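A.B. asks: For the record, the sequence lines run as chains A and Z.
The first sequence begins at 415 in the working numbering and counts up by one.
The second sequence begins at 64 in the working numbering and counts up by one.
Glycine included, C-beta positions come from ideal geometry on N, C-alpha and C.
Just so you know, these numbers come straight off a predicted model, no measurement behind them.
Questions regarding the structure given below will be posed in turn.
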Amino acid sequence: MRKKSFLIYTFLFSLFISFLFAHPAFAIEQRIYDDAGILSDAEKEELESYAQSVSEKWDTDVLIVTVDDPTIDVKDYTEDFYDRKIEELGLDKWNVAMITLDMNHREVYLAGFYKGELYLNGSRLDHIRESITPDLSAGAYSLAFQQFIDQVDHYLGSEPANIFLQWWFQLIIAVVIGGLVVFSLFWQSGGKSTVHSSTYMDHKTSRVVARKDDYLRTTVTKVRKPQNNQSSGGGGITGGGHSHSGSRGSF
Amino acid sequence: MIIHYKCPNCGDDMSFDSESGTLSCPSCGREDSIDQFSEDLITTTMEDETKEYHCENCGAVLITDSDTVATRCSFCGAGVVIRERVSGTLAPTYVIPFSISRDEAVATFKKWCKHGLITPRDFMTADRIKNITGMYVPFWMYDLNSRVKVSGVGTKVRQYTSGDYIYTETKYYRVFRDINLDYVKVPVDASKKMDDELMDRLEPYPYNQLKDFKTPYLAGFIAEKYNFNDDELLPRAKTKIERFLDSYIQSTVSGYSSFMPEEKNIDSLKKKSYYVLLPVWMVTYNYKQKDYIFAMNGQTGKVVGKPPISTGKMAGWFFGVAGVTVLILRLVTFFMGGGLL
């Protein structure tokens, strides 16, 4: 009886929590922005519906952007695009997985924002980019975007990228903490000595009689500062203050 | 010869009362202050090896072994002290009397059992105390002087960034310390019957309660004489202060990031030793046909000894703590945008 009511309470509590923190449905209509005009109408329609279904499934919008402009940098363009759109939507946080194709410089940039960043970190985005680059190089853009959405779907359906947020690692942490608690309870069950180093010390006569500290030598070692791997683009923060993960490359 | 305390008023057997700290008579309530008690123990140094003593009340044979100093007559309950065994070289210098009476000891023990976090539920009721005995355990207390000369290499590490590099600067020093340390009244259990580790865990005793030894303190309790003399137990006292010495040495080099001692010279000398009787309540508890021994500090009420362990409760703690940890971690994951399951 007690167990049953406990389960019900847990269920209600989690329901309450999920309502409290549920993200509002987005009013975004369009997810494919083919400014470079590399996709046919049929392809656009197909990608649009696929992107919509994955977006709704994971509460993370999948955006595909192409651009053909000699004046832009693909990463800056992606960040500005996100800032512009989030302002239009009037949101504080907007979960996004995004790919931007710069047809003029033949560069590609993948980015994850918020939940997108949590599940798609730099190395996962690198992995996606590397797997679709051959198709991009071959000009099979629609297929490449298809694969991009496939993989975003795959990663959003698995564990977060951060090891501390993954099930198995959390389970290990829990087992270690549980073990330590039980061990210390067992250890202390028989009582333990509360004597410490000054219990029996005579403070009046105990002291350092003589001390000497002679300088011998100094050694200096140096290591290069760990730097963000700029070659693949990496993540960053947009002008609007939204942090994101990223992966950059050419095709 | 045995010492037997008869009430001068009514003739009943007197015993030490832990509450008032006096020798008191349970029948007429007479209380004799022990501080003023005069006795001449040092003169009677006859080493008597007779093991049979008779109760002066009822004439029954007192059950004693060669270590018994004080006991109770098992027939009439009179508290007696065997004079030869607290005389001469066997005369204790100090005693810490009991401040916890038998009833208080039982209550304290029951309270301790109730607070056991991993003991079986039916042990927590503590209703099967088989035996509780107030016992003066012989200890040697040492005043030790240690002269420590230690030298080694200390390092100070500083990190700073300049340009594209992180620099780690390590400064090496030759460190020398000459330390004088005095430890007073380090207790070491001198009874063969008592488990050393158990007795160590009863520490510390309140030393402000140390009294000059007088036999009336023992009336009504069990007491034993020492089995090892002070020279035999000196090495144990020295090992006991070793970790204190190490932690003191560490505290003198706290300004360094690391200190590696290369030469350590410790010279510990006994300055003084005292033969002391310390109060311990020994509790025998029967749980599931097995006896468990506990010891309680007769002044502070601290209880030590391995209680029975409930594997069910251990498992409960383990899964409870682990489960709550997982729940918390999952909630954190959830709030960061991850899934709940």
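Would you check if the region 328 to 344 of chain Z and the region 356 to 365 of chain Z touch, i.e. whether three or more CB-CB distances between them fall below 8 Å?
C.D. replies: The region 356 to 365 of chain Z and the region 328 to 344 of chain Z touch, with no fewer than 3 CB-CB distances between them shorter than 8 Å.
A.B. asks: Along the region 355 to 377 of chain Z, what residues have a CB closer than 8 Å to any CB found in chain A?
C.D. replies: Listed by position along the chain: 365, 366, 367, 368, 369, 370, 372 and 377.
A.B. asks: Who are the neighbours of residue 172 (chain Z) on chain A, taking C-beta pairs under 9 Å?
C.D. replies: Chain A residues near residue 172 (chain Z): none, gap ~12 Å exceeds 9 Å.
A.B. asks: Residues of chain Z with a CB under 7 Å from the CB of residue 630 (chain A): which are they?
C.D. replies: 235, 236 and 237
A.B. asks: Could you check where the alpha helix (DSSP H) with residue 708 (chain A) kicks off and where it finishes?
C.D. replies: This structure cannot settle anything about residue 708 (chain A), because the visible part of chain A is limited to 415 through 665.
A.B. asks: Taking Cβ-Cβ distances below 7 Å as the criterion, which residues of the region 575 to 591 of chain A are in contact with chain Z?
C.D. replies: 579, 584, 585, 587, 588, 589 and 591
A.B. asks: For residue 228 (chain Z) and chain A, any beta-carbon pair shorter than 8 Å?
C.D. replies: Output row for residue 228 (chain Z): interface = yes.
A.B. asks: Going straight from the alpha carbon of residue 439 (chain A) to that of residue 563 (chain A), what length do you get?
C.D. replies: Its pLDDT being 47, under 50, residue 439 (chain A) is placed unreliably by the model, and nothing is read from it.
A.B. asks: Would you verify that the beta carbon of residue 247 (chain Z) is, or is not, closer than 8 Å to some beta carbon of chain A?
C.D. replies: yes
A.B. asks: With distances taken between CB atoms, is the gap from residue 164 (chain Z) to residue 82 (chain Z) smaller than 8 Å?
C.D. replies: yes
A.B. asks: Does any CB atom of chain Z fall closer than 8 Å to the CB of residue 538 (chain A)?
C.D. replies: no
A.B. asks: Compute the Euclidean distance between the alpha carbons of residue 74 (chain Z) and residue 85 (chain Z), then round it to the nearest angstrom.
C.D. replies: 17 Å
A.B. asks: Count the other CB atoms within 10 Å of the CB of residue 566 (chain A); is the residue buried (16 or more) or exposed (fewer)?
C.D. replies: When all chains shown are included, residue 566 (chain A) counts as buried.
A.B. asks: Is residue 232 (chain Z) close to chain A, meaning its C-beta is less than 8 Å from at least one C-beta of that chain?
C.D. replies: yes
A.B. asks: Select from the region 158 to 191 of chain Z all residues with a C-beta closer than 8 Å to any C-beta belonging to chain A, and list them in chain order.
C.D. replies: 179, 180, 181 and 182
A.B. asks: On the three-state DSSP scale, how would you describe residue 342 (chain Z)?
C.D. replies: strand
A.B. asks: At the 8 Å Cβ level, is residue 393 (chain A) part of the contact set with chain Z, yes or no?
C.D. replies: Not covered by the structure: residue 393 (chain A). The range shown for chain A is 415 to 665.
A.B. asks: Looking only at DSSP bridge pairs, what is residue 359 (chain Z) linked to?
C.D. replies: Z:344 and Z:366
A.B. asks: Since I believe residue 316 (chain Z) is in contact with residue 614 (chain A) (beta carbons under 8 Å), could you give me their beta-carbon distance rounded to a whole number of angstroms?
C.D. replies: Actually they do not touch by this definition, with Cβ atoms about 22 Å apart.
A.B. asks: Residue 439 (chain A) by DSSP, collapsed to three states: which one?
C.D. replies: Caution applies to residue 439 (chain A), whose pLDDT of 47 falls short of 50 and renders its modelled position unreliable; the value that the coordinates give is listed next. When DSSP states are grouped into helix, strand and coil, residue 439 (chain A) belongs to the coil group.
A.B. asks: Run through chain Z and tell me which residues come within less than 7 Å of residue 614 (chain A), C-beta to C-beta.
C.D. replies: Within chain Z, the residues 246, 247, 248 and 249 have their CB atoms less than 7 Å from the CB of residue 614 (chain A), given in chain order.
A.B. asks: Beta-carbon within less than 8 Å of residue 230 (chain Z)'s beta-carbon, same chain only, minus the 5 sequence neighbours each way: which residues are those?
C.D. replies: Excluding positions up to five away in sequence, the list reads 222, 223 and 224.
A.B. asks: Can you confirm whether residue 627 (chain A), when its beta carbon is compared against all beta carbons of chain Z, has any partner nearer than 8 Å?
C.D. replies: For residue 627 (chain A), the answer is yes, since a Cβ of chain Z falls inside 8 Å of its Cβ.
A.B. asks: Report the three-state DSSP secondary structure of residue 108 (chain Z) (helix, strand or coil).
C.D. replies: Confidence at residue 108 (chain Z) is low in this model, with a pLDDT of 44, below 50, so its placement is unreliable and the value that follows should be read with caution. Here residue 108 (chain Z) sits in coil by DSSP.
A.B. asks: Taking the alpha helix (DSSP H) that residue 501 (chain A) falls in, what are its first and last residues?
C.D. replies: 488 to 503
A.B. asks: How is the beta strand (DSSP E) around residue 82 (chain Z) delimited, first residue to last?
C.D. replies: Unbroken run through residue 82 (chain Z): none, as it is neither H nor E.
A.B. asks: Can you tell me whether residue 79 (chain Z) is buried or exposed, with buried defined as 16 or more other CB within 10 angstroms of its CB?
C.D. replies: Residue 79 (chain Z) comes out buried.
A.B. asks: Below 7 Å CB to CB, which residues in the same chain sit around residue 483 (chain A) once its five sequence neighbours on both sides are set aside?
C.D. replies: 518
A.B. asks: If we call anything under 8 Å between Cβ atoms a contact, is residue 625 (chain A) one with residue 240 (chain Z)?
C.D. replies: Taking 8 Å as the cut-off, the beta carbon of residue 625 (chain A) is found closer than this to the beta carbon of residue 240 (chain Z).
A.B. asks: The region 594 to 607 of chain A: which residues have C-beta closer than 7 Å to a C-beta of chain Z, in chain order?
C.D. replies: 595, 596, 599, 600, 603, 604, 605, 606 and 607
A.B. asks: What residue does the alpha helix (DSSP H) around residue 471 (chain A) start on, and which one ends it?
C.D. replies: Element bounds for residue 471 (chain A): 455 to 472.
A.B. asks: With residue 253 (chain Z) as the anchor, note down where its beta strand (DSSP E) starts and where it stops.
C.D. replies: Where residue 253 (chain Z) is concerned, there is no enclosing beta strand (DSSP E), given that its DSSP letter is neither H nor E.
A.B. asks: Kindly list, in the order they appear in chain A, the residues whose Cβ is closer than 8 Å to that of residue 389 (chain Z).
C.D. replies: 584, 585 and 588
A.B. asks: Verify the contact flag: residue 97 (chain Z), CB atom, against every heavy atom of the ligand ADP, threshold strictly below 7 Å.
C.D. replies: The ligand ADP is absent from the structure shown, which contains no ligands of any kind.
A.B. asks: Got a sec? Which residues, its chain only, sit under 8 Å from residue 193 (chain Z) by beta carbon, not counting five neighbours each side?
C.D. replies: 347, 348, 349 and 354
A.B. asks: On the DSSP letters alone, give me the boundaries of the beta strand (DSSP E) that residue 629 (chain A) sits inside.
C.D. replies: 621 to 638
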